[in-house]
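Okay, so here's the structure we're looking at.
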């Protein structure tokens with residue numbers, strides 16, 4: 007009966023439920039993204055009561071390299087698919103990804119992806135949006151793949167990306183609880 011109930015849960019609806027809870031609890035901008043095969047796409051956007059000047063909205067496609075949600079998805083792709091995307095990106099004329107304000111070379115980017123996968127967390131400290139921090143965590147499906155990513159955006163002076171901050175802890179808690187509800191376990 008338990009496994010049958012899990013198979014009938016809708017991962018996107020569960021992600022929306024936890025995004026709504028985070029939004030109500032913290033009054034921060036919250037997004038939910040899915041992977042369309044090449045890039046993350048924003049499928050839910052909840053504005054905080056404090057206006058954030060960003061050019062991302064519902065339906066926006068994000069870079070797997072320059073967005074926190076994108077790096078979560080990228081870090082959990084099969085190894086060969088991830089490698090193909092990273093090699094292609096670094097061979098192009100695209101801007102070098104940044105981490106904690108500094109450009110990162112390809113070898114270091116691979117290390118960063120390993121760290122993201124191990125911690126199931128990706129934080130941006132003003133990396134691509136001035137004065138804005140982002141905290142993202144994966145929500146897993148029954149088969150162990152990342153179904154969605156939940157992200158919190160806020161002004162850097164009000165939104166710490168320290169692992170012990172209330173914002174990081176709240177995003178991690180939401181992703182863990184949503185994964186438990188969908189898959190019966192966290193990852």
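Numbering (the working numbering), first residue to last: 7 to 193. Beta carbons are placed, not taken as given, at the ideal position from N, Cα and C, and that holds for glycine. Source: prediction; values computed, not measured.
- Across the set 72, 80, 178 and 64, the C-alpha of 72 shows the shortest separation from the C-alpha of residue 102.
- Burial of residue 188 is indicated by the presence of at least 16 other C-beta atoms within 10 angstroms of its C-beta.
- In this structure, residue 52 places its C-beta atom within 8 angstroms of the C-beta atom of residue 36.
- Residue environment analysis places residue 109 among the exposed positions, since fewer than 16 neighbouring C-beta atoms fall within 10 angstroms of its C-beta.
- Proximity to residue 118 across 80, 50, 147 and 91 peaks at 80, based on C-alpha coordinates.
- Around the C-beta of residue 21, 16 or more other C-beta atoms lie within 10 Å, and the residue is accordingly described as buried.
- Excluding residues up to 5 positions away in sequence, 46, 68, 69 and 70 lie with their Cβ nearer than 6 angstroms to the Cβ of residue 76 in the same chain.
- Straight-line spacing of the CA atoms in residue 32 and residue 172 works out to 9 angstroms.
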